[in-house]
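J.:
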Ligand code: DC
């Protein structure tokens, strides 16, 4: 089974994807990490984030070993990834890696922006996670503070809105729900509630019921 989870920044899709993968015994790929790794390579090399040749090269030389590097988690790298990821030729380089990950047994949960629309258009289940931007900013702020980092909620909200705008309006693989995706609004749900709602969707699809 392949499950595609898409949604905007800080929607909680990553945690949800991880939990769904554990629940169904599937592998999990956070595809945002790939774009973050490319952005990080460019930043480290002092290259411009819009430098197509440098971005393509960084994507070709991508080393999955770096995916666990905590440096990739920062807001700065996330925003940079949003800029870099608008380069179509760089995205093309990364398509095959993601498809192979999805296709390997026993199946996988991939989370990102274009999984249901571009990477895995034939995914068994597609879920598009949304939440009010203010709720997402609040959650991100609390998360950062719990790690002992300083976090300004207004700055984080502005960053989230700018990222939504860039991710939704880029020419290639823009963030938007696939036609056959189920919308999951978790603004008023905690993590457990979101996981339950997602499992309900997967089970409904498996049982061959109508769209919920
Ligand atoms: O989900 P995230 O915050 O880790 O993603 C960082 C950026 O990477 C995001 O703003 C846009 C880009 N991205 C993408 O273009 N396609 C994906 N499938 C995942 C992320």
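Residue numbers (the numbering used here): 12 to 223.
Beta carbons: idealized from backbone N, C-alpha and C, even for Gly.
#1: Taking the beta carbon of residue 166 as the centre, do at least 16 other beta carbons fall within 10 Å, making it buried, or is it exposed?
#2: If residue 152 and residue 164 are in contact, beta carbons under 8 angstroms, what's the gap, nearest whole angstrom?
#3: Per the DSSP calculation, residue 137 is bridged to which residue(s)?
#4: Taking 8 angstroms as the threshold (C-beta atoms), are residue 83 and residue 48 in contact?
#5: So, at 6 angstroms on beta carbons, what are the nonlocal neighbours of residue 92 in its own chain, with the 5 sequence-adjacent residues on each side left out?
#6: Do residue 55 and residue 140 have their C-beta atoms within less than 8 angstroms of each other?
#7: Identify every residue that forms a DSSP beta bridge with residue 120.
#8: Just how far apart, CA to CA, sit residue 207 and residue 169?
#9: Please classify residue 202 as buried or exposed, where buried requires at least 16 neighbouring CB atoms within 10 angstroms.
T.: Put simply:
#1: Against the chain shown, residue 166 aligns to sequence position 155. Burial call: exposed.
#2: For the purposes of this step, residue 152 is taken as the residue at position 141 of the chain shown. For the purposes of this step, residue 164 is taken as the residue at position 153 of the chain shown. Right, their Cβ atoms sit about 4 angstroms apart.
#3: Here the question's residue 137 lines up with position 126 in the chain shown. Residue 137 pairs with 15.
#4: Along the chain shown, read from residue 1 onward, the residue named residue 48 stands at position 37. Along the chain shown, read from residue 1 onward, the residue named residue 83 stands at position 72. Result yes, Cβ atoms of residue 48 and residue 83 sit closer than 8 angstroms.
#5: Locating residue 92 in the chain shown gives position 81, counting from the first residue. Taken in chain order, the residues that qualify are 46, 47 and 50.
#6: Within the chain shown, numbered from 1, the residue matching residue 55 stands at position 44. Within the chain shown, numbered from 1, the residue matching residue 140 stands at position 129. It is not a contact, given that the beta carbons lie outside the stated cut-off.
#7: Here residue 120 refers to the residue found at position 109 of the chain shown. DSSP output for residue 120 lists 14 and 39 as bridge partner(s).
#8: Taking the first residue of the chain shown as position 1, residue 207 is located at position 196. Taking the first residue of the chain shown as position 1, residue 169 is located at position 158. In a straight line, the C-alpha of residue 207 is about 30 angstroms away from that of residue 169.
#9: Numbered from 1 along the chain shown, position 191 holds the residue referred to as residue 202. It counts as exposed.
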